[in-house]
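Trainee: Quick one: this structure, given as structure tokens, is what I'll be asking you about.
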Amino acid sequence: MEDIYVARIDEFEDNSRKVISHGAHEVGVFHVDGSFVAWRNECAHQAGPVCQGRLFPKVTEPISDEGTVHGMQYVDGTLHIVCPWHGYEYDLRTGRNAGNDRLRLNKVDVLVKEGAVYVRL
Ligand code: FES
């Protein structure tokens, strides 16, 4: 295992990302609400470049007591990423697919030391 430099902490805005390549590895590093998380840039569906997908809050469609739906709404504090190839959607913090709990992204360890962010590969 090797610690690979990604960037200085101050180069990350909140809810931003950097996708790095190191040898055969491609990793997406995300800065979410003050902490860092990293995933291999391979979707659990067909290995698409999921870390380059769009980020947006989780969307729900609440059902009323009468069993009717009155539209969709965002869920604050839960950020999702959508794979650009076929639209599979994952929770950015947990890596879990929004529709199938058996599908998950592969986590990469992130280290923060001396003002910089590294991934362990
Ligand atoms: S490869 Fe990501 S949705 Fe198909």
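First residue of the sequence shown? That's -9 in my numbering, and the numbers climb one at a time after it.
We treat Cβ as the ideally placed atom computed from N, Cα and C, and that holds for glycine.
Predicted, not measured: the structure shown is a model, and the values here were computed from it.
1) Using a threshold of 6 Å, is the CB atom of C33 nearer than that to any non-hydrogen atom of the ligand FES?
2) Have a look at the DSSP bridge pairing and note the partners of N87.
3) What does DSSP give as the partner residue(s) for L132 in the beta ladder?
4) Give the secondary structure of Q42 by DSSP, where H, G and I count as helix, E and B as strand, and everything else as coil.
5) Report all residues from its chain with a CB closer than 8 Å to the CB of D4; omit the five preceding and five following residues, and keep chain order.
6) Just to confirm before moving on: does the CB-CB distance between M62 and E51 stay below 7 Å?
7) Among all the DSSP beta bridges, which residues are the ones paired with S25?
8) Under 6 Å from any heavy atom of the ligand FES, does the C-beta of H76 make it?
9) Does V59 pass the burial test, meaning 16 or more other C-beta atoms within 10 Å, or should it be called exposed?
10) In chain order, what residues of the same chain lie with their CB nearer than 7 Å to the CB of H12, ignoring the 5 residues before and after it?
11) Going by other Cβ atoms of all chains shown within 10 Å of its Cβ, with 16 needed for buried, is V40 buried or exposed?
12) Under a three-way DSSP split, which group does D99 fall into?
Mentor: Walking through what the data contain:
1) Yes.
2) Among the bridge pairs identified by DSSP, N87 is matched with Y80.
3) The structure shown does not extend to residue 132, since the chain is modelled only from -9 to 111, so the question has no answer here.
4) Under the three-state reduction of DSSP, Q42 is assigned to helix.
5) Excluding the 5 residues flanking it on each side, D4 has same chain C-beta neighbours closer than 8 Å at H21, V22, D23 and G24, in chain order.
6) Yes; because the gap between Cβ atoms is below 7 Å, this pair is in contact.
7) S25 is bridged to V22.
8) Distance from the C-beta of H76 to the nearest heavy atom of the ligand FES is below 6 Å.
9) With fewer than 16 other Cβ atoms within 10 Å, it is exposed.
10) Closer than 7 Å at the Cβ level, and outside the excluded window around H12, lie I(-6) and L111.
11) V40 should be labelled buried.
12) DSSP places D99 outside both helix and strand once states are collapsed to three, so it counts as coil.
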